[in-house]
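Residue 31 is where the sequence shown starts when you use our numbering, and the numbers rise one by one after that. Just so you know, even glycine gets a beta-carbon here, dropped at the ideal spot from N, CA and C.
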Amino acid sequence: MRSRRNRRTSRIALAVVTAVALTGLVGGCGALDKAMDCVKTADAIATSVDKLSTAVSSAADDPTQLDEALSDIDKELTSLEDTTDNADLNKAVDDLNKAVDNVRAAVESGDETPDIGPVTDAATEIGKVCTP
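Shown next as C-alpha cells:
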C-alpha cells in the first residue's frame, strides 16, 4: 500500500514539475510568475501528501503522527497562501485546505485511517492549474 502512495506522490510532483518547465518555455512574464508559484507549491504539496500518507499508514503504531502531519500541512499551505498571487493557484490551495480539514475532522472523530483520496485529488488539481 505504501509503495502505491509513494508512486502517486511521485506522479503528482512530476506532473507539477513538468508543468512548470513547460510554462517557462511557452509563456511570458505572467507565465513566469505562475511557474514560480507552481515550483513553490509543487515542493510543499509533494512533501505534504507524502507526510500524510506515511502518517495514515502508521497511525496504528503512533496516532499522534496524523495530527502532526496535518499541522505541518496546515503550516505549509498557510505559507503558500501568503506567497502566491495567482488566483487559480490560490483556489487549488484552498481546495486542498478543505480536503485537509475534512481529514482532520475524521481524525478528531476517532478515524485512525481516514480517506486521504480527496487530499490527493486536490494536490493533483494543483498540477492541472500549473499546466499551460
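Residue i, DSSP secondary structure in three states
{"i": "T143", "result": "coil"}
{"i": "L90", "result": "The sequence shown places Ala at residue 90, not Leu. If DSSP states are grouped into helix, strand and coil, A90 belongs with coil."}
{"i": "T114", "result": "coil"}
{"i": "K158", "result": "helix"}
Contact belief for residue i with residue j at Cβ below 8 Å, rounded distance in angstroms
{"i": "V133", "j": "V149", "result": "6 Å"}
{"i": "I156", "j": "V86", "result": "Not really, about 20 Å apart at Cβ, beyond 8 Å."}
{"i": "V79", "j": "L119", "result": "Contact flag wrong, Cβ pair sits at about 16 Å."}
{"i": "T143", "j": "A89", "result": "6 Å"}
{"i": "L96", "j": "V130", "result": "That belief does not hold up - the Cβ atoms of L96 and V130 are roughly 11 Å apart, past 8 Å."}
N- and C-terminal bounds of the alpha helix (DSSP H) containing residue i
{"i": "A135", "result": "117 to 138"}
Beta carbon of residue i nearer than 9 Å to that of residue j
{"i": "K81", "j": "L110", "result": "no"}
{"i": "T84", "j": "A74", "result": "no"}
{"i": "N127", "j": "D104", "result": "yes"}
{"i": "A152", "j": "D125", "result": "yes"}
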